[in-house]
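Read in order, the letters of the sequence shown correspond to residues 4 to 790 in the working numbering.
See structure below.
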Amino acid sequence: QLRPTELSKVLYVELLTPEGRVVETKKLKIEEGRANGEFLLTDGTLVGGFYEVRAYTRVMLNWEGTYFSRIFPIFDRPDREGIYLKKMTKRPRSKALPQYREEGSSRPALNLAFFPEGGNLVEGLPSVVAFKATDKEGRSCEVEGSVTDNSGNPVAEITTQHQGMGKFLLTPEAGPYKASVTWGGKEYRFTLPTVQREGYVMTVNTLRDDKLFLQVQRSSGLPGEWVGITISCRGITYAFDVADMREKSSIQMQFAEETFPSGVLQITLFNTRGDVLAERLAFHDSKPQVTLRIDSLKPLYKPFEPVNLHFTVSNSRQENLPSTLSLAVRDYATEVPTYYQGDMRTNFLLESDLRGYIENIPYYFESDDAEHRDNLDLLMRVQGWRRYAWRQLAGLEAFEPHHPVEEGILVKGQVYRYRMTGSRPEPDVNVSIWVYSPSFSCKGTVQSDDAGRFAFLSDSDIWGRCEMILRTQTPDKNGELKDRDLVVELDRVFSPKPESYPATALTLPDSNLNRITYALEDIEEEEEEEEEELSMDKKIHNLNEVSVKAKRQPLSDRPTIVYSVADEEDRLIDTHETGYSDGIPALLERINPYFSIRSDDGEDIVCTYKNRPVKFVYRSMSQYMGDWADADELYGLEMPSEGRLLEQTAGDEEEGMGLLGDSSLYEPSIRDISNRDVKKIEIVELMNVVLVKLYGYPYAEQRKDRKGLRMTTLQGYSKPQDYYQIDYGWGALPDEGDYRRTLYWNPNVPVDSSGKASVSFYNNSMETRLRVDAETLTPDGEPGSIH
């Protein structure tokens, strides 16, 4: 119903790299259906590319493909401040990161898909067949051609009507039917869907303002029966009717469109057994009267000029107006266009119920004339899909949710006992939970059920990253609780698998005007030598003395990838992946496909990374000192500022020094370092060797193992930061280097009871034309926007 949810209170928002690695996850508190936050791009491992933001509530994951996703370009930091070039630095192949995204399927040069109305072609029954032509990158193509029957006779013409889509009328007999089209000066052939001997065909007309017309036909050889029709929108049924087709082979029905809300309608024909006979999507626009108007917007603003914008929100009833606007104001001259052109209205009413990318989506909402309606109906025929499982809605098929509705930060998991023969859930275990941070603390005790599962929800909100201790106990024969050495797996690894990028998302509109410049990272070009032509009639050539040069790679400390050891081990534990030995090499081999242990004879460990040798560098934080400087003071030792190189083999003579509690000198091996000693791992790829930098824990953060305890962390709600703005009205001198591109951003601009809202801010240091985007949603679920 497009109203703010009153169920879920946690919104997960993820930032993903082009390779599909989740850089950061935010948990945002949903209040009155709204939440906001930010990602700071400060990770030293990131390079330019097309990134993805995903958002979802936990319960949304019970249905495939229901999360929100946007793909957008991130360019390199400008070499000169204020000069915004569309430049992306790519990693060289030698530094390529593991790919976590699904690989896109290869496609032929031209693809032509056919969509019979209602679902199937049936012998002897006329049917409207829609089609769409796309190239190998998924972009629409304009084609022309014809359809022929099994004798080669033409029966229909094919001509694209809009964005590669079109339709034709066909009364099929026994197939197969072939299509031949011309594109790019070449001819392509395709086969239409198989023709069924018996079945139903449903035809829908939505081009009238007030009524929806529907015709149902069945094959004469098919036994007649009672049939039902449902018309639903976003999973809610708004119309239902039955028809007696025991004696009739064709019926017509009509429905008043005023009963339907705006959005995609799912029209389903079914029988008394619950079999879906035909289905079709259609779009209905009830013409909501929510309007947004902006006043006092000037064509140009002078440098540092105050900007005062006034908005008015209204509808036909002037009631149930929204309480907030979401507003972004940007410098039009430096704005980067992306492939996505939708907004809140197009997302809520159209995109959420269609499969795939909708090209030029604003087109379908710019006018309500016959041409736009017909093309929108064509889009329904081509990209429509069963967004909601009808048989589950009708109760004919069971639906078992795997993800809960989260009313807060939930600690949910399962207790296991691990033995040599495997693991089994442990019931009736007392699980004590303590969550704490410098500003927060809460405790609780729950008991595992017969399957070892438990859940804990704090009475108060949990904010920020907190420490968490889980204690497992069971009563002894005297009834006293005793610590048990059990494994607690937490139910918190559920991020959807990254999908492949559509080709359309990896370009900018009008690529000639918005050309992206790509550069390789940290690679110096080889100097070219003049070549001297050598005569082939000589058998021996004396070459001049030369110096061999190779491409040189700076010895930079910039890591390719960074791991938090505790987070990676938590992820392995929580996904039932505990069958690996303690040790950094074993951990890296499990979490990074490029890392491998080449040999391990019990004394020496030799590792490779992309077939290059690995050296481990360890920066110790001894339990008796928190910094290198403390080592100088306590022991009079000169410690290397960049850490020390660990011996790779037992016979390695590399210099390295560690400190033990008894202050004895020791040359450590990678075997002597436990995962519990290492806080962070950095992988730095050089020309001929890969450095794996290990950073130990400071004393205050060191953890000790104890029977019956699991020490981990819990991510609470993220506190949103205020967006940075410059207020020149408070006496601040104008900064000639004020190159802000986003001049104002506020997801919660208050709207008063009369529908008025105002904002004030300052322009940057250039004469600026403003790009204003404002969106809102009324309590009744009616979206409004202005761009």
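Here a beta-carbon is modelled for each residue, glycine too, at the ideal position from N, C-alpha and C.
Query: Inter-stretch contact at 8 Å, needing at least 3 Cβ pairs: the region 118–131 / the region 203–215; Result: yes
Query: Euclidean distance between Cα positions of Ser-2 and Val-408; Result: There is no way to answer for residue 2, as the model of the chain reaches only from 4 to 790.
Query: For Gln-728, the three-state DSSP class (helix, strand or coil); Result: coil
Query: Near the ligand FAD: Ile-608 beta-carbon under 7 Å from a heavy atom; Result: The ligand FAD is not among the ligands present in this structure, which contains no ligands whatsoever.
Query: Rounded separation between Gln-102 and Leu-590 - CA only; Result: 18 Å
Query: Separation of Ala-373 from Ile-297, as counted between CA atoms; Result: 30 Å
Query: Touch test, the region 438–447 against the region 394–411, Cβ-Cβ under 8 Å, three pairs minimum; Result: no
Query: Any beta strand (DSSP E) of 3 or more consecutive residues that is wholly inside the region 365–427; Result: 413–422
Query: Collapsed DSSP secondary structure at Arg-276 in the structure displayed; Result: coil
Query: Buried or exposed by the 16-neighbour rule on C-beta atoms within 10 Å, applied to Thr-771; Result: buried
Query: Neighbourhood of Thr-477 by C-beta distance below 6 Å, restricted to the same chain and skipping five residues each side; Result: Val-432 and Arg-487
Query: Cα-Cα separation, Pro-81 to Ala-112; Result: 38 Å
Query: First and last residue of the uninterrupted beta strand (DSSP E) at Asn-208; Result: 203–208
Query: Assigned exposure category for Leu-649 - 16 Cβ within 10 Å defines buried; Result: With a pLDDT of 49 at Leu-649, under the threshold of 50, the modelled position of that residue is not reliable, and no figure is offered here.
Query: Alpha-carbon to alpha-carbon, Leu-64 and Ile-232; Result: 29 Å
Query: The beta strand (DSSP E) enclosing Phe-42, as first and last residue numbers; Result: Here Phe-42 belongs to no beta strand (DSSP E), and DSSP marks it neither H nor E.
Query: Cβ pair Phe-71, Arg-61 closer than 8 Å; Result: no
Query: Beta-carbon contacts of Ala-508 that lie in its chain and below 7 Å, excluding the five residues immediately before and after; Result: Phe-53, Ile-74 and Tyr-342
Query: Per-residue DSSP class, three states only, for Pro-588; Result: helix
Query: The region 482–499 contacting the region 728–746, beta-carbon criterion three pairs below 8 Å; Result: no
Query: Whether Ala-285 touches Asp-380 by CB criterion (8 Å); Result: yes
Query: N-terminal and C-terminal residue of the beta strand (DSSP E) that Glu-685 is part of; Result: 681–688
Query: Through-space distance from Glu-778 to Pro-365, alpha-carbon basis; Result: 15 Å
Query: Proximity below 8 Å, CB of Glu-429 to CB of Arg-422; Result: no
Query: Short Cβ contact (8 Å threshold) for Val-198 with Pro-175; Result: yes
Query: Where Lys-696 falls, given that 16 or more other Cβ within 10 Å makes a residue buried; Result: buried
Query: Extent of the continuous alpha helix (DSSP H) run through Asn-751; Result: That residue, Asn-751, is in no alpha helix (DSSP H); its beta strand (DSSP E) goes 745–753.
Query: Boundaries (first-last residue) of the alpha helix (DSSP H) holding Arg-574; Result: 568–577
Query: Per-residue burial, Trp-733 [other beta carbons within 10 Å of its own, 16 or more giving buried]; Result: exposed
Query: Anticipated Cβ contact below 8 Å, Leu-312 with Leu-300, distance rounded; Result: 6 Å
Query: Per DSSP, cross-strand counterpart(s) of Ser-788; Result: Glu-778
Query: Coil, strand or helix - Glu-35 by DSSP; Result: coil
Query: Limits of the unbroken beta strand (DSSP E) element including Leu-225; Result: Per DSSP, Leu-225 belongs to no beta strand (DSSP E) and is neither H nor E.
Query: Same chain, Cβ closer than 6 Å to Thr-92, neighbours up to 5 away in sequence not counted; Result: Val-50, Gly-51, Asp-79, Ala-522 and Glu-524
Query: Neighbourhood of Ile-564 by C-beta, 7 Å cutoff - its chain only, sequence neighbours within 5 removed; Result: Thr-48, Leu-100 and Ile-686
Query: C-beta atoms of Leu-18 and Val-26 nearer than 8 Å; Result: yes
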